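Colleague:
2 protein chains.
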Amino acid sequence: MCLTDKELSPVDYEHTCMIRGDGGRALRRILDQICNKWTLLVVATLDQGTLRFTDLHHQIPGISQRMLTLTLRNLERDGLITRTVHAEVPPRVEYALTATGKSLIPPALSLAKWAITHAPGIEAAREAHTQKN
Amino acid sequence: MCLTDKELSPVDYEHTCMIRGDGGRALRRILDQICNKWTLLVVATLDQGTLRFTDLHHQIPGISQRMLTLTLRNLERDGLITRTVHAEVPPRVEYALTATGKSLIPPALSLAKWAITHAPGIEAAREAHTQKN
DNA sequence: CAGGATCCCGTTAGATACTG
DNA sequence: CAGTATCTAACGGGATCCTG
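Chains as they are written, first to last, in my numbering: chain A, 1 to 133; chain B, 134 to 266.
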């Protein structure tokens with residue numbers, strides 16, 4: 001793919017093709033799943049180790065029970081976390097990252113670093129721009 | 134922040150705090166802006182260099198004029214791209230990444246690599262899971 | 001405790017038509 | 001060429017109430 005591109009340095013070539021791929025469809029399928037409001041936060045929180053539903057609910061301020069449930073179900077379906085139900089009363093359900101889930105931490109971290117580094121500049125640009133109008 | 138956490142290895146400590154931060158709010162403000170359907174793709178495409186509106190429209194299959202316009206306006210507002218209008222007939226408008234915009238490529242690339250690497254496994258887990266129901 | 005079921009609303013984004 | 005305007009459907013996500 002991208003073999004007909006010309007006048008690109010090798011590094012640009014690699015960049016462009018890696019992200020754009022088949023028009024970006026394959027990438028977007030995964031990214032749409034990861035980049036919603038809560039997924040990255042849940043994964044990051046589970047980086048601590050095994051946690052129960054209520055633990056997660058307390059450690060992620062602002063999330064509703066509904067969204068926590070949905071997010072956990074999706075992560076389980078995609079094989080990023082495990083869900084273990086203990087046959088007790090009251091019930092106890094524990095969530096933990098799988099190997100795939102853990103492998104998401106470093107890339108997520110690099111994005112987080114970028115966001116935190118550039119947040120002030122972006123906010124400034126945003127305000128300067130809205131001032132003009 | 135996170136200074137009261139205990140029994141975390143230094144690396145886990147760093148991971149958790151970087152991403153979770155103030156409950157993830159600062160991170161999400163930026164991420165919400167980056168992780169929509171088209172932004173990353175537009176930035177990646179502009180990594181080639183300066184491009185015109187129509188060039189982008191052709192190189193990003195599936196994007197509508199409307200969404201391309203909106204995405205470009207947001208990127209310009211946040212200082213990630215420049216928009217140069219040439220006073221000609223017919224009009225010519227050129228878009229290019231700023232330094233901030235270029236700095237987004239490496240983190241985006243690391244996420245892209247993760248997505249591409251784990252896409253097969255995720256798809257498989259997803260199908261295996263839906264088979265069960 | 002760990003959700004499931006509903007209702008409701010704002011935002012996102014696609015389609016289409018029009019313009020300086 | 002490079003947009004703008006308008007309408008609409010779809011989806012994400014919050015609030016609330018209920019349950020094994």
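Here a beta-carbon is modelled for each residue, glycine too, at the ideal position from N, C-alpha and C.
Given the structure is predicted, the values throughout are model-derived calculations rather than measurements.
1. What are the boundary residues of the beta strand (DSSP E) that B/Glu-227 is part of?
2. In the DSSP output, which residue or residues are listed as bridge partners for B/Ile-214?
3. According to DSSP, is B/Leu-184 part of a helix, a strand, or is it coil?
4. Can you find the residues in the same chain that come closer than 7 Å, C-beta to C-beta, to A/Ala-78, ignoring five residues on each side of it along the sequence?
5. DSSP has A/His-86 in a bridge; who is on the other side?
6. For a quick check, are the C-beta atoms of B/Leu-242 and B/Val-176 less than 7 Å apart?
7. Strictly below 8 Å CB to CB, what residues from chain A border B/Met-200?
8. With a Cβ-Cβ cutoff of 7 Å, do A/Ala-96 and A/Thr-50 count as a contact?
9. So, helix, strand or coil for B/Glu-140, using DSSP?
10. Should A/Gly-62 be labelled buried (16 or more other beta-carbon atoms within 10 Å of its own) or exposed?
11. Please confirm whether B/Cys-168 has its beta-carbon closer than 7 Å to some beta-carbon of chain A.
12. Reducing DSSP to helix, strand and coil, say where A/Lys-37 ends up.
13. Here's the rule I'm using: 16 or more other beta-carbon atoms within 10 Å means buried, otherwise exposed. How should A/Thr-54 be labelled?
14. Could you tell me the distance, in whole angstroms, from the CA atom of A/His-86 to the CA atom of A/Arg-92?
15. Take B/Asp-180 and list the residues in its own chain whose beta-carbon comes closer than 8 Å to its own, dropping the five residues that flank it on each side.
16. With 16 as the cutoff for other CB atoms within 10 Å, does A/Arg-28 come out buried or exposed?
17. Would you kindly work out how many angstroms separate the C-alpha atoms of A/His-118 and A/Ile-19, rounded to a whole number?
18. Quick one, which residues of the stretch 182-215 of chain B are near chain A if we go by CB-CB under 9 Å, in chain order?
19. Less than 6 Å between C-beta atoms, sequence neighbours within five positions excluded: which residues of the same chain meet that for B/Met-200?
20. Going by the beta-carbon positions, is the gap between A/Ile-30 and B/Ala-248 smaller than 7 Å?
21. Helix or strand or just coil, what does DSSP make of B/Ile-163?
22. Can you tell me which of the three DSSP states A/Ile-63 falls into?
23. Can you tell me which of A/Ala-125, A/Thr-84, A/Asn-36, A/His-129 puts its alpha carbon nearest to the alpha carbon of A/Thr-71?
Modeller: For this structure:
1. As a first step, residue 227 of chain B is located in the second sequence; it is residue number 94 there, counting from the start. DSSP places B/Glu-227 inside the beta strand (DSSP E), whose first and last residues are 225-230.
2. Here residue 214 of chain B refers to the residue found at position 81 when the second sequence is read from its first residue. Per DSSP, B/Leu-230.
3. Taking the first residue of the second sequence as 1, we reach residue 184 of chain B at position 51. DSSP, reduced to helix, strand and coil, places B/Leu-184 within a strand of the structure shown.
4. By 1-based counting over the first sequence, the position of residue 78 of chain A is 78. The sequence as given places Asp at residue 78 of chain A; Ala does not occur at that position. If you ignore the 5 residues before and after A/Asp-78, its C-beta comes within less than 7 Å of the C-beta of Gln-33, all in its own chain and listed in chain order.
5. For the purposes of this step, residue 86 of chain A is identified with residue 86 of the first sequence, where counting begins at 1. Answer is A/Arg-92.
6. Position 109 of the second sequence, counted from the start, is the residue given in the question as residue 242 of chain B. Position 43 of the second sequence, counted from the start, is the residue given in the question as residue 176 of chain B. B/Leu-242 places its beta carbon 7 Å or farther from that of B/Val-176.
7. Here residue 200 of chain B refers to the residue found at position 67 of the second sequence. Below the 8 Å Cβ cutoff, chain A contributes no neighbours of B/Met-200, its closest Cβ being approximately 13 Å away.
8. What you label residue 96 of chain A is simply residue 96 of the first sequence in a count that begins at 1. What you label residue 50 of chain A is simply residue 50 of the first sequence in a count that begins at 1. In this structure, the beta-carbon distance from A/Ala-96 to A/Thr-50 falls below 7 Å.
9. Start at 1 with the first residue of the second sequence, and residue 140 of chain B comes out as number 7. With a pLDDT of only 41 at B/Glu-140, under the threshold of 50, the placement of this residue in the model should not be trusted; the figure read from the coordinates follows. In the structure shown, B/Glu-140 falls within a coil segment according to DSSP collapsed to helix, strand and coil.
10. Position 62 of the first sequence, counted from the first residue, corresponds to residue 62 of chain A. Exposed.
11. Here the question's residue 168 of chain B lines up with position 35 in the second sequence. Interface residue, yes.
12. For the purposes of this step, residue 37 of chain A is taken as the residue at position 37 of the first sequence. A/Lys-37 falls in the coil class under three-state DSSP.
13. Counting from 1 along the first sequence, the entry for residue 54 of chain A is found at position 54. Its Cβ having fewer than 16 others within 10 Å, A/Thr-54 is exposed.
14. By 1-based counting over the first sequence, the position of residue 86 of chain A is 86. By 1-based counting over the first sequence, the position of residue 92 of chain A is 92. Distance from the CA of A/His-86 to the CA of A/Arg-92, rounded to the nearest whole angstrom, comes to 5 Å.
15. Taking the first residue of the second sequence as position 1, residue 180 of chain B is located at position 47. In its chain, beyond the 5 residues on either side, Leu-230, Lys-235, Ile-238 have a beta carbon closer than 8 Å to the beta carbon of B/Asp-180.
16. Your numbering for residue 28 of chain A matches position 28 in the first sequence. Under the 10 Å beta carbon count, A/Arg-28 is surrounded by 16 or more other beta carbons and is classified as buried.
17. On the first sequence, residue 118 of chain A is found 118 positions in, with the first residue counted as 1. On the first sequence, residue 19 of chain A is found 19 positions in, with the first residue counted as 1. The straight-line gap from Cα to Cα measures roughly 21 Å.
18. Within the stretch 182-215 of chain B, the qualifying residues are Gly-182, Gln-192, Ile-193, Pro-194, Gly-195, Glu-209, Arg-210, Asp-211, Gly-212, Leu-213.
19. Position 67 of the second sequence, counting from 1, holds the residue named residue 200 of chain B. Correct list, in chain order: Trp-171.
20. Within the first sequence, residue 30 of chain A is the residue found at index 30, counting from 1. Within the second sequence, residue 248 of chain B is the residue found at index 115, counting from 1. Going by beta carbons, A/Ile-30 and B/Ala-248 fall inside the 7 Å limit.
21. Residue numbering aside, residue 163 of chain B sits at position 30 when the second sequence is read from its first letter. DSSP places B/Ile-163 within a helical segment (H, G or I) once states are collapsed to three.
22. Walking along the first sequence from the start, residue 63 of chain A turns up at place 63. A/Ile-63 falls in the coil class under three-state DSSP.
23. By 1-based counting over the first sequence, the position of residue 71 of chain A is 71. Distance from the Cα of A/Thr-71 is smallest, within the candidate group A/Ala-125, A/Thr-84, A/Asn-36, A/His-129, for A/Asn-36.
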